[in-house]
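Working notes for the structure below.
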Amino acid sequence: AGGFHPHQAREEQDARRLAFAEPGQLPWNTVKQGSLILIGAWCVSLVWSILRLWVDFVDILTPPLPASPDLELLYKGPWPRFFEPQGLACSFTDDESERLLIAEKHD
Numbered sequence: 002a003g004g005f006h007p008h009q010a011r012e013e014q015d016a017r018r019l020a021f022a023e024p025g026q027l028p029w030n031t032v033k034q035g036s037l038i039l040i041g042a043w044c045v046s047l048v049w050s051i052l053r054l055w056v057d058f059v060d061i062l063t064p065p066l067p068a069s070p071d072l073e074l075l076y077k078g079p080w081p082r083f084f085e086p087q088g089l090a091c092s093f094t095d096d097e098s099e100r101l102l103i104a105e106k107h108d
């Protein structure tokens, strides 16, 4: 079979197609890879847990202790008769602005 167009023999094409298209190979490879990833994650978590029990190292999951802000009295006086504060929240942002929320219970 001569000519200008290079091609493979029919038997080689069929053998190559069968090697890549065996039934059940794609699902098996998918399940195998997923299982290996899960096994790896479990092994990493096991080592992490053992290290946390035996070795005192810096834990990346615990937040650092915040610096205590300098507090000043903003309001001194009696609350209005209709207002009974139940909660207080403070927030400090990156641009040094402070926010204060005083809440009461809604009946």
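The sequence shown begins at 2 in our numbering and counts up by one.
For glycine and all other residues, C-beta sits at the position ideal for the given N, C-alpha and C.
Computed from a prediction, not measured in an experiment: that's the story for all the values here.
Measuring only the C-alpha atoms, how far is residue i from residue j?
| i | j | result |
| --- | --- | --- |
| Leu-74 | Asp-95 | 22 Å |
| Pro-86 | Val-32 | 57 Å |
| Arg-53 | Ser-46 | 10 Å |
| His-107 | Gly-88 | 12 Å |
| Gln-34 | Leu-101 | 51 Å |
| Cys-44 | Pro-79 | 60 Å |
| Ser-36 | Ala-42 | 10 Å |
Hey, out of the options, whose CA is closest to residue i's CA?
| i | options | result |
| --- | --- | --- |
| Asp-71 | Pro-24, Glu-99, Lys-106 and Val-56 | Glu-99 |
| Pro-67 | Leu-27, Trp-49 and Ser-92 | Ser-92 |
| Tyr-76 | Pro-28, Ile-103 and Trp-55 | Ile-103 |
Between residue i and the rest of its own chain, which residues show a CB-CB distance below 8 Å, the 5 nearest in sequence each way excluded?
| i | result |
| --- | --- |
| Phe-84 | Glu-105 |
Who are residue i's beta bridge partners in DSSP?
| i | result |
| --- | --- |
| Phe-93 | Glu-99 |
| Glu-105 | Pro-86 |
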